[in-house]
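K.L.:
Sharing a structure, written as structure tokens. Questions coming.
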Amino acid sequence: MDIQSASTEQLQQWADTLNAEYDAIKAKKLNLDLTRGKPSAEQLSLSDALDGILKGSYQSEDGTDVRNYGGLDGIPAARKLGADMLGAPASNVIAGGNSSLTLMHQAVTIAYLFGLTGADSAWKNAEKVSFICPVPGYDRHFSVCEHLGIHMIPAPMTADGPDMDAVEALIAEDTSIRGMWCVPRFSNPTGVVYSDDTVERIAALGKKAHADFRVFWDNAYAVHQLDDAAPALANIWDAAEKAGTQDSILQFASTSKITFAGAGVAFLAASDANLTGIRKALGFVTIGPDKVNQLRHARFFAEPESLAQHMKKHAEIIKPRFESVLTRLEAAFGDNDLGRWESAQGGYFISFDTRPGLAKEVVRLAAEAGVKLTPAGATFPYGNDPEDSNIRIAPTVPTVPQVDEAMEVFVTCVPCQRSPGLESISTSALRATRLWHAMHISLNSVPSFLRLRPTQLYSSSTYSHSCLNFRATTYAS
Ligand SMILES: Cc1ncc(COP(=O)(O)O)c(C=O)c1O
């Protein structure tokens, strides 16, 4: 239905239908969860052969007994695995414990307290330390900043990655900026793959920013494509080498969403200068990582094609879940402007935007109807989505029928909107639709500064030009 031109009778009818649908859904007393991006049990089982793979042989190829202490950098075969994923020389890769988030937290902490290239480079020497945070983004990146008291500055995402004009302008005008988060391939949550030009411009930031500025290049989904046609990512190591900015890039990845999410291997790639600082500080933290697990992974992915083949099996499991989400979204919102979404050709998420001001309410309505969603706002620093419109959908854990059922609830909740004092949808659906109608009109008639808090870089602040001003194609098409 075209809401803009609908008559009151049509709106009334639609409200009645919505009302009935929502009540029917609530009566089912569902208990479904589309919150965190975790691998399903089926995916985890793809790696069960890790268990017992060593068969009593504990020597890595350089003769190290992996059961013993030592080897801060990790074993060579694990470093090679990380190097292949990150596109960096193995000699510049550290293979660590099970979590890249830990490595990221440690790298930020080291840079903050001790300096990556000596005490003079410690961020704590500055009056204020800020990070550029492309939004929507990964909530745990933002938590790292919050934990260490680092000020966060949102920058809009586009279909090509962070809006680089905005990022460069920020860097030019704000001398407190010391870092920037990036999830360059299949971004969390938008699924965007950074364009070649964006990668080049990010690599060049080291020439424009403060000498102690670092890009935190979190390539968590480096090999997580859903089909072969998925776009490749330009190599940031090479781009930084060309630009002479190697010291400005810290890269991260892990096998968390490749093998076991709780028992994988994490990687950090950095320039020699950065690695000197990181090794020095890590030496106080550990005598060495879990090399037994590293060897298990090295054996598991011993053949050149084994990682790619393994990821194809993941894609076979995940893809129908993504398709289920996209089919529901397309059916519900393909012919109207009640919501927009980006769907990726890889990664773990689908990012959905309601009209401004509605995301929290949609999440609340869905929860009441038995579908848990990541809290609205989580994809923004300080949990503050200025438009209150972004919702992250994580469909990997539920089964395909469960995803479908959850999405049926979701698409019913999206048009049901904020209605203060709401007791049940049945009393409010019409009101909601009228408000909706009114809101649409008002959106087109009020000045833009009333529609959106004038936060940071939201230069394009109307709904129709939201910070995610594109509608990505579905991977099926
Ligand atoms: C972008 C991103 N980085 C890092 C992680 C966590 O990685 P790890 O399990 O290696 O700590 C996640 C998990 O969802 C993620 O989405």
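Residue numbers for the sequence shown follow the working numbering, so the first one is 1398 and each next one is one higher. Even glycine gets a Cβ: it sits at the ideal position worked out from N, Cα and C.
Using the C-alpha atoms, what's the distance from Gly1493 back to Gly1576?
P.N.:
So the alpha carbons of these two residues sit roughly 22 Å apart.
K.L.:
Can you give the Cα-Cα distance for Thr1824 and Ile1788, rounded to whole angstroms?
P.N.:
No answer about Thr1824 holds up, because its pLDDT of 34 lies below 50 and its placement is not dependable.
K.L.:
Helix or strand or just coil, what does DSSP make of Gly1558?
P.N.:
Strand, per DSSP.
K.L.:
Could you work out which residue in Asp1609, Lys1426, Gly1471 is closest to Cys1509 when comparing CA atoms only?
P.N.:
Per the sequence presented here, residue 1509 reads as Tyr, with Cys not at that position. The option with the nearest alpha carbon to Tyr1509 is Asp1609.
K.L.:
Kindly confirm or deny that the segment 1432-1445 and the segment 1790-1797 touch, where touching means at least three C-beta pairs closer than 8 Å.
P.N.:
The segment 1432-1445 is in contact with the segment 1790-1797.
K.L.:
As a quick exercise: from Asp1801, Val1811, Glu1802, Pro1783, pick the residue whose alpha carbon is nearest that of Pro1553.
P.N.:
Answer by Cα proximity: Pro1783.
K.L.:
In three-state terms, what does DSSP make of Tyr1419?
P.N.:
The answer is helix: DSSP assigns Tyr1419 an H, G or I state.
K.L.:
If we ignore side chains and look at the alpha-carbon of each, how far apart do Cys1813 and Gly1659 end up?
P.N.:
Each residue's Cα considered, the two are about 38 Å apart.
K.L.:
So what's Ser1653 in DSSP terms, helix, strand or just coil?
P.N.:
Reduced to three states, the DSSP call for Ser1653 is coil.
K.L.:
Note down, in chain order, each residue of its chain lying with its Cβ closer than 6 Å to the Cβ of Asn1428, except the 5 sequence neighbours on either side.
P.N.:
Excluding positions up to five away in sequence, the list reads Gly1767.
K.L.:
Pull up the distance between the alpha-carbon of Ser1748 and that of Tyr1779, whole angstroms please.
P.N.:
The alpha-carbon atoms of Ser1748 and Tyr1779 are separated by roughly 18 Å.
K.L.:
Flag this pair as touching only if the segment 1596-1604 and the segment 1628-1644 have three or more C-beta atom pairs under 8 Å; answer yes or no.
P.N.:
Cβ pair count under 8 Å is three or more, so yes.
K.L.:
Under 8 Å: do the segment 1460-1471 and the segment 1672-1686 share three or more Cβ pairs, one atom per stretch?
P.N.:
Because the criterion of three Cβ pairs below 8 Å is met, the segment 1460-1471 and the segment 1672-1686 touch.
K.L.:
Within this structure, are the beta carbons of Ile1574 and Ser1651 separated by less than 8 Å?
P.N.:
Cβ distance not < 8 Å, so Ile1574 and Ser1651 don't count as in contact.
K.L.:
Ends of the alpha helix (DSSP H) at Leu1478?
P.N.:
Per DSSP, Leu1478 belongs to the alpha helix (DSSP H) from 1473-1483.
K.L.:
In angstroms with no decimal places, state the Cα-to-Cα distance between Gln1456 and Asp1536.
P.N.:
One C-alpha to the other measures close to 39 Å.
K.L.:
Using three-state DSSP, classify Phe1697 as helix, strand or coil.
P.N.:
Phe1697 falls in the helix class under three-state DSSP.
K.L.:
Determine the extent of the beta strand (DSSP E) in which Lys1769 is found, giving its start and end residues.
P.N.:
It spans 1768-1770 - the beta strand (DSSP E) in which Lys1769 sits, taken as one unbroken run.
K.L.:
When we look at the beta-carbon of Asn1465 and count the other beta-carbons within 10 Å, is it buried (16 or more) or exposed?
P.N.:
Per the 10 Å Cβ criterion, exposed.
K.L.:
By how many angstroms is the C-alpha of Ser1444 removed from the C-alpha of Thr1506?
P.N.:
Each residue's Cα considered, the two are about 32 Å apart.
K.L.:
Is Val1580 near ligand 1, judged by its Cβ being under 7 Å from some heavy atom?
P.N.:
The answer is yes for Val1580.
K.L.:
Could you name each continuous alpha helix (DSSP H) segment of 4 residues or more that falls completely within the segment 1598-1653, going from the start of the chain to the end?
P.N.:
DSSP runs (the alpha helix (DSSP H)) wholly in the segment 1598-1653: 1633-1640.
K.L.:
Please report the Cβ distance between Val1532 and Pro1551, rounded to the nearest whole angstrom; I am assuming they are in contact, meaning their Cβ atoms lie under 8 Å.
P.N.:
Sure, about 4 Å apart at Cβ, within 8 Å.
K.L.:
What's the C-alpha gap between Lys1769 and Ala1775?
P.N.:
C-alpha separation (whole angstroms): 14 Å.
K.L.:
Could you compute how far the alpha carbon of Ala1666 sits from the alpha carbon of Cys1542?
P.N.:
So the alpha carbons of these two residues sit roughly 21 Å apart.
K.L.:
Return the CA-CA distance between Pro1628 and Gly1484, expressed in angstroms with no decimal places.
P.N.:
Taking the straight line joining both Cα atoms gives about 16 Å.
K.L.:
Can you have a look at Gly1467 and say buried or exposed, based on whether 16 or more other CB atoms are within 10 angstroms of its CB?
P.N.:
Exposed is the call here.
K.L.:
Could you check which residue in Arg1611, Ala1504, Ala1446 has the C-alpha nearest to that of Phe1875?
P.N.:
Residue coverage of the chain in this structure runs from 1398 to 1874, which leaves residue 1875 outside it and unanswerable.
K.L.:
Here's the rule: buried if 16 or more other CB atoms are within 10 angstroms of the residue's CB, otherwise exposed. What is Phe1681?
P.N.:
By the 10 Å Cβ count, Phe1681 comes out exposed.
K.L.:
For Ser1496, verify whether its CB is less than 7 Å away from any heavy atom of ligand 1.
P.N.:
Yes, the Cβ of Ser1496 comes within 7 Å of a heavy atom of ligand 1.
K.L.:
To the nearest angstrom, report how far apart Glu1765 and Val1806 are at their CA atoms.
P.N.:
Cα to Cα, the separation comes out at about 10 Å.
K.L.:
In the DSSP assignment, find the beta strand (DSSP E) that holds Val1532 and state where it starts and stops.
P.N.:
Unbroken beta strand (DSSP E) run through Val1532: 1527-1532.
K.L.:
Who are Ile1788's beta bridge partners in DSSP?
P.N.:
Looking at the DSSP assignment, Ile1788 forms a beta bridge with Phe1749.
K.L.:
Quick test of the definition: if touching needs 3 or more C-beta pairs under 8 Å, does the segment 1610-1630 touch the segment 1707-1715?
P.N.:
Touching, yes.
K.L.:
Let me know the secondary structure DSSP gives Glu1458 once reduced to three states.
P.N.:
Coil, per DSSP.
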